[in-house]
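These notes are about the structure you will find just below.
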Amino acid sequence: MIQLQPLLQAPLAAVWQQSAFAAFTQARGYAHPAAVAPGAVLFVGVAPSYNQTQNVNDDPTAPLIFDPATNPGTFYQREMDFLASVGPHLPYAHLDVLYQRESDQKTLQTALATDAGAAFAEEQLAVTRDLFERLTALPPGQRPRAIVVANRLAQELLGFFHPLKPATPAWLGLTFTEQEIAPHEELFYRCEEWGPIPVIFTIPFSGTTARFSTPEQKAAKHARLTATLKSLL
1188 MIQLQPLLQA PLAAVWQQSA FAAFTQARGY AHPAAVAPGA VLFVGVAPSY NQTQNVNDDP
1248 TAPLIFDPAT NPGTFYQREM DFLASVGPHL PYAHLDVLYQ RESDQKTLQT ALATDAGAAF
1308 AEEQLAVTRD LFERLTALPP GQRPRAIVVA NRLAQELLGF FHPLKPATPA WLGLTFTEQE
1368 IAPHEELFYR CEEWGPIPVI FTIPFSGTTA RFSTPEQKAA KHARLTATLK SLL
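Residue numbering for the sequence shown follows the numbering used here, beginning at 1188 and increasing consecutively.
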């Protein structure tokens, strides 16, 4: 396993200690998974949810290092179940682009529209950029074999939509190049900064989206994702 605490503890503590971000950090500490499996299919979300039953020693301000496989709730389980349907022995991993514990994405979006909230996000994203650079630079068999970004706000923070909406913030501003696919497959991309690892932008495995609001629409979308992953892996 690739342990994340040695990579994340110091930079995240430095962000959380900045007085300019006290409005966001004084009530809740940061959170991230303890590790990622070598050669995993890496699912990417926007931020770890807040569940008070997970607080370390009942202290919401303490950093939370968790294992998605044993995390309460169904969020990670749905990703794991989907991956198991693609291939029974594919290693699973999950990371978020932000580290602030927040279940309500509207709260995140409201904060991002403020100067302080945007600056706080940019500091977190700088940590994420360094982490992904490390992970994607690992040798084959160690680095992620595919990256699946299943959250629209996470896609925005990576910079995926910026070329289409240049008036909006670039955030991480990564460069994604569309690849050729078979007619029944989901689009995938190569990221200039992440090398040969295929990147797929898709819809969440729980809840609904505006364009894919029915179970049938979601199933069709995920069937295309399954076909792409099977052809790539």
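Think of the CB as a built atom: it goes at the ideal place given N, C-alpha and C, for glycine as much as any other residue.
Given the structure is predicted, the values throughout are model-derived calculations rather than measurements.
Bridge partners for residue 1315 per DSSP, in chain order? Bridge partners of residue 1315: none, in fact.
Where the alpha helix (DSSP H) containing residue 1211 begins and where it ends: 1209-1212
In whole angstroms, what is the alpha-carbon distance linking residue 1205 and residue 1288? 17 Å
C-alpha distance - residue 1200 paired with residue 1359, whole-angstrom precision: 20 Å
With 16 other CB atoms within 10 Å as the buried threshold, where does residue 1239 fall? exposed
When we look at the beta-carbon of residue 1213 and count the other beta-carbons within 10 Å, is it buried (16 or more) or exposed? exposed
Per the contact definition of three or more C-beta pairs closer than 8 Å, is the region 1221-1234 in contact with the region 1275-1295? yes
Using 8 Å as the threshold, is the region 1214-1228 in touch with the region 1322-1338, meaning 3 or more CB pairs across them? yes
Spatially closest choice to residue 1363 from 1383, 1372, 1355, 1370, by CA coordinates: 1383
Return the CA-CA distance between residue 1314 and residue 1342, expressed in angstroms with no decimal places. 16 Å
Give me the Cα-Cα distance between residue 1348 and residue 1379, rounded to the nearest whole angstrom. 15 Å
Residue of 1208, 1372, 1376 minimising C-alpha distance to residue 1366: 1376
Mapping the DSSP letters down to three states, classify residue 1321 as helix, strand or coil. helix
Over the uninterrupted beta strand (DSSP E) stretch that includes residue 1377, give me the two end residues. 1376-1378
When you compare each of 1418, 1256, 1346 to residue 1385 by their alpha carbons, which one comes out closest? 1418
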